[in-house]
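Chemist: Chains as they are written, first to last, in the working numbering: chain A, 22 to 166; chain B, 28 to 527.
One structure, as structure tokens, below. Some questions next.
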């Protein structure tokens, strides 16, 4: 009995496969806790969804602004890299993609697109990236695409 | 004073600038101190260690303090920790006593901030000295304790545990690091991911994504409307502010600051817990508890001194144990790594200059915060009027810069930012809690090393119980945190069923 207990207690970890030792424990725990969550909350979640108490999107979701954000962000990051590849080592990828991005994003987020706001948006889109580029890239030597 | 000599004039200027930028972030509803620190990180890349930390600490103090402005004027907590400031601040503002309420909050914030900085100064080295003796076994148990505390204080304990485990899982993606005794083999990813994820996801883009980009997506979903705050933004003079209002409030100030510092010390717990606890305590001990919530100074004192008490408190486990006390200090851990410093029990002893300069910067930031807010509150309060369509694009741009420059120009880090931005937005909708996830992510790889090395060295599972009295003490703390969580949830359930 004592031998059996001590063999249960003793542990040897093979170094060549030790990269899996801890992740396997974490995955097993994730699975167990995940199952408990699903089992214990399944009825409640199904009831809430069917009664419309829980929806993925907010009740008054602004789909235009949400979708625009989800599209604009990856396009911005992609363009940053793309332009940076065309004109390398000058921070131009950042500067030349940030100006149109800032302009478009501000335009999308703005609810009253009157003359005054358009001027503010244009100035902000042109000057802020320029200032950041000048400060970070030229003055502080921070890497920019 | 020699103490302050460690800070260069530039560091003083940066701490002051940080406080002011932090106040602006804190004052804008939806922006938090964590976001302020995350967004301004790229500015520190080329600064020296002391200067960079001075800026970040200024942002932290300013960010937490700024939240009081919209809490009083608009009934909207600028940061989660100002939630209880709205209870008495807004009724006072409605009576025309906005300026008085704001100034009471500002003075209380200063007291809480200084109080916690002093506790930090005396307590962190003691804790670090104690933790130096920790072996892998105790270090693992300490992380385990931190994780149980975070999970047990989540809105839903099961989801808290799941979120924490998910964070740990994410931190294990990549190679089993040779420098920490691993075998350098890949795990938990497909072959095509190996060029990008050799050392796993980079901490800061993950954090900036979860706290910065996710917030922007969330706000876009809500429609980025600028509410018509202007009409409500009036600092009409009612009863003027006098320091005599603090007469009889000393015990409230000290108790609330202490609660804030203590809650800050516990890992992963947000500021709202601190201010709610301090407010409730004051209500329990007040001579006129029925008046609290109708616009009385004692409520403001409790709320604001406790949430600024957090700042020093949250830095204690970060600097002495390497465990972040809240989400903002989690971002700070990234800033330390960036400067090539590892926070943990040896940090203070080996970096005395940095340690003193941090405390000096923290104290100075509190003073700047006080001076700026106390004397320029009329101007500061207008910050809430900055339109979102100007602010949000700037934040996204700064997040992108921060992620790209962190490893000196790795585009994958920018995609990490985007992935975790979207993930942060989606995960919170399905009940995953960000705080335990982040703490799990930060501590996961250390937990692995400590756990596996303990077993490799001793060859038995029971070592986690039998190693030392400290191990047993840590198990006691773990048991206590689980017990308290059970009590809190039972009490909450009883309250809900009583109300419902």
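For every residue, glycine included, the Cβ atom is placed at its ideal position computed from N, Cα and C.
Tell me the DSSP secondary structure of residue 202 of chain B in three-state form.
Modeler: Here residue 202 of chain B refers to the residue found at position 175 of the second chain. Looking at residue 202 of chain B - three-state DSSP - the assignment turns out to be strand.
Chemist: With distances taken Cα to Cα, identify the nearest neighbour of residue 202 of chain B among B:193, B:218, B:291.
Modeler: For the purposes of this step, residue 202 of chain B is taken as the residue at position 175 of the second chain. Minimum Cα distance to residue 202 of chain B is reached at B:218.
Chemist: Does DSSP put residue 269 of chain B in a helix, a strand or coil?
Modeler: Stepping through the second chain from its first residue, residue 269 of chain B is reached at position 242. Looking at residue 269 of chain B - three-state DSSP - the assignment turns out to be coil, as it is neither helix nor strand.
Chemist: Mind checking who residue 223 of chain B pairs with in its DSSP beta bridge?
Modeler: By 1-based counting over the second chain, the position of residue 223 of chain B is 196. None; residue 223 of chain B has no bridge partner.
Chemist: Classify residue 159 of chain A: buried if its beta carbon has 16 or more other beta carbons within 10 angstroms, exposed otherwise.
Modeler: By one-based count along the first chain, residue 159 of chain A stands at place 138. Per the 10 Å Cβ criterion, exposed.
Chemist: Could you name the residues of the same chain whose beta carbon sits closer than 8 angstroms to that of residue 492 of chain B, not counting the 5 residues immediately before and after it, in chain order?
Modeler: Looking up residue 492 of chain B in the second chain gives position 465. Closer than 8 angstroms at Cβ, skipping near neighbours: 498, 499, 502.
Chemist: Would you please verify whether the beta carbon of residue 24 of chain A is less than 8 angstroms from any beta carbon of chain B?
Modeler: Along the first chain, one-based indexing puts residue 24 of chain A at 3. Not one chain B Cβ lies under 8 angstroms of residue 24 of chain A.
Chemist: In chain B, what lies closer than 8 angstroms to residue 51 of chain A by C-beta?
Modeler: As a first step, residue 51 of chain A must be located in the first chain, where it is residue number 30. Correct list: 189, 192, 193, 196.
Chemist: Evaluate residue 49 of chain A with the Cβ neighbour count: other Cβ atoms within 10 Å of its Cβ, from every protein chain shown; 16 or more gives buried, anything less gives exposed.
Modeler: Walking along the first chain from the start, residue 49 of chain A turns up at place 28. The residue in question, residue 49 of chain A, is exposed, as its Cβ has fewer than 16 Cβ neighbours within 10 Å.
Chemist: Only counting runs of 4 or more residues, tell me where the alpha helix (DSSP H) segments fall wholly within the stretch 94-161 of chain B, in order along the chain.
Modeler: Runs found: 95-101, 112-121, 125-159.
Chemist: Given that a residue counts as buried once 16 or more other Cβ atoms are within 10 Å of its Cβ, and exposed if not, what is residue 57 of chain A?
Modeler: Within the first chain, numbered from 1, the residue matching residue 57 of chain A stands at position 36. Under this definition residue 57 of chain A is an exposed residue.
Chemist: Less than 8 angstroms between CB atoms is the rule here; does residue 78 of chain A satisfy it with respect to chain B?
Modeler: In the first chain, residue 78 of chain A corresponds to position 57, counting from 1. With 8 angstroms as the cut-off, residue 78 of chain A counts as an interface residue toward chain B.
Chemist: Please classify residue 369 of chain B as buried or exposed, where buried requires at least 16 other C-beta atoms within 10 Å of its C-beta.
Modeler: Here residue 369 of chain B refers to the residue found at position 342 when the second chain is read from its first residue. So residue 369 of chain B counts as exposed.
Chemist: At a Cβ cut of 8 angstroms, what residues of the stretch 402-429 of chain B count as close to chain A, listed as they run along the chain?
Modeler: Correct list: 414, 415, 416, 417, 419, 420, 421, 423, 424, 425, 427, 428.
Chemist: Scan the stretch 207-236 of chain B for residues whose Cβ lies nearer than 7 angstroms to a Cβ of chain A and list them as they occur along the chain.
Modeler: Within the stretch 207-236 of chain B, the qualifying residues are 209, 210, 212, 214, 215.
Chemist: Decide if residue 90 of chain A is buried, meaning its Cβ has at least 16 other Cβ atoms within 10 Å, or exposed.
Modeler: As a position in the first chain, residue 90 of chain A is number 69, starting the count at 1. Buried is the call here.
Chemist: Sort B:279, B:456, B:367 by Cα distance to residue 611 of chain B and report the nearest one.
Modeler: Here chain B covers residues 28 to 527 and nothing more, so residue 611 of chain B does not appear.
Chemist: Under 7 angstroms Cβ to Cβ from residue 178 of chain B, same chain only, skipping five residues before and after it: list those, please.
Modeler: Position 151 of the second chain holds residue 178 of chain B. Within the same chain, residue 178 of chain B has close Cβ partners 184, 187, 188, 191, 463.
Chemist: In the DSSP output, which residue or residues are listed as bridge partners for residue 213 of chain B?
Modeler: Mapped onto the second chain, residue 213 of chain B falls at position 186. Answer is B:202, bridged to residue 213 of chain B.
Chemist: Of all the options B:382, B:456, B:496, which has the alpha carbon lying nearest to the alpha carbon of residue 76 of chain B?
Modeler: By one-based count along the second chain, residue 76 of chain B stands at place 49. Closest by alpha carbon: B:382.
Chemist: Can you give the Cα-Cα distance for residue 33 of chain A and residue 482 of chain B, rounded to whole angstroms?
Modeler: Residue numbering aside, residue 33 of chain A sits at position 12 when the first chain is read from its first letter. Residue numbering aside, residue 482 of chain B sits at position 455 when the second chain is read from its first letter. Roughly 8 angstroms separates the two Cα atoms.
Chemist: Any beta-carbon of chain A closer than 8 angstroms to the one on residue 513 of chain B?
Modeler: As a working note, residue 513 of chain B is residue 486 in the second chain. Closer than 8 angstroms: no.
Chemist: Contact between the stretch 93-105 of chain A and the stretch 221-233 of chain B is defined here as three or more beta-carbon pairs at a separation below 8 angstroms; is this criterion met?
Modeler: No, they do not touch.
Chemist: Would you grab the beta carbon distance between residue 454 of chain B and residue 427 of chain B for me? Rounded to a whole angstrom, and I think it's under 8 angstroms.
Modeler: Stepping through the second chain from its first residue, residue 454 of chain B is reached at position 427. Stepping through the second chain from its first residue, residue 427 of chain B is reached at position 400. Wrong, their Cβ atoms sit about 21 angstroms apart, outside the cutoff.
Chemist: For residue 122 of chain B and residue 322 of chain B, which I take to be in contact (beta-carbon distance under 8 angstroms), what is that distance rounded to the nearest angstrom?
Modeler: One-based indexing of the second chain puts residue 122 of chain B at position 95. One-based indexing of the second chain puts residue 322 of chain B at position 295. Residue 122 of chain B to residue 322 of chain B, Cβ: 6 angstroms. Contact.
Chemist: Report the three-state DSSP secondary structure of residue 325 of chain B (helix, strand or coil).
Modeler: By one-based count along the second chain, residue 325 of chain B stands at place 298. Residue state, collapsed to three classes: helix.
Chemist: Exposed or buried, residue 150 of chain A, counting other C-beta atoms within 10 Å across all chains shown (16 or more means buried)?
Modeler: Your numbering for residue 150 of chain A matches position 129 in the first chain. Result: buried.
Chemist: In whole angstroms, give me the CA-to-CA distance for residue 198 of chain B and residue 366 of chain B.
Modeler: If you number the second chain from 1, residue 198 of chain B lands on position 171. If you number the second chain from 1, residue 366 of chain B lands on position 339. If you take the alpha carbons of residue 198 of chain B and residue 366 of chain B, they lie about 21 angstroms apart.
Chemist: For chain A, check one thing: does any of its Cβ atoms lie closer than 8 angstroms to the Cβ of residue 73 of chain B?
Modeler: Position 46 of the second chain holds residue 73 of chain B. By this cut-off, residue 73 of chain B is an interface position.
Chemist: Just verifying my parser: in three-state terms, what is the DSSP assignment at residue 483 of chain B?
Modeler: As a position in the second chain, residue 483 of chain B is number 456, starting the count at 1. Three-state result, residue 483 of chain B: helix.
Chemist: Which complete beta strand (DSSP E) runs does the stretch 44-105 of chain A hold, if anything under 3 residues is left out?
Modeler: Entirely contained in the stretch 44-105 of chain A, not one beta strand (DSSP E) run reaches 3 residues.
Chemist: Take the Cβ of residue 51 of chain B as the centre, count every other Cβ of all protein chains shown within 10 Å, and call the residue buried at 16 or more, exposed below.
Modeler: Stepping through the second chain from its first residue, residue 51 of chain B is reached at position 24. Residue 51 of chain B should be labelled buried.
Chemist: Between the Cα of residue 175 of chain B and those of B:244, B:32, B:466, spot the shortest distance and give me the residue it belongs to.
Modeler: Taking the second chain and counting its residues from 1, the one referred to as residue 175 of chain B is at position 148. Nearest of B:244, B:32, B:466 to residue 175 of chain B, Cα basis: B:466.
Chemist: Against chain A, with Cβ distances strictly below 8 angstroms, would residue 163 of chain B count as a contact?
Modeler: As a first step, residue 163 of chain B is located in the second chain; it is residue number 136 there, counting from the start. So, not an interface residue.
Chemist: Within 10 angstroms of the Cβ of residue 478 of chain B, are there 16 or more other Cβ atoms? Answer buried if so, exposed if not.
Modeler: In the second chain, residue 478 of chain B corresponds to position 451, counting from 1. Residue 478 of chain B is buried by the Cβ-count criterion.
Chemist: Which value, in whole angstroms, describes the spacing of the CA atoms of residue 61 of chain A and residue 446 of chain B?
Modeler: Taking the first residue of the first chain as 1, we reach residue 61 of chain A at position 40. Taking the first residue of the second chain as 1, we reach residue 446 of chain B at position 419. Approximately 30 angstroms between the Cα atoms of the pair.
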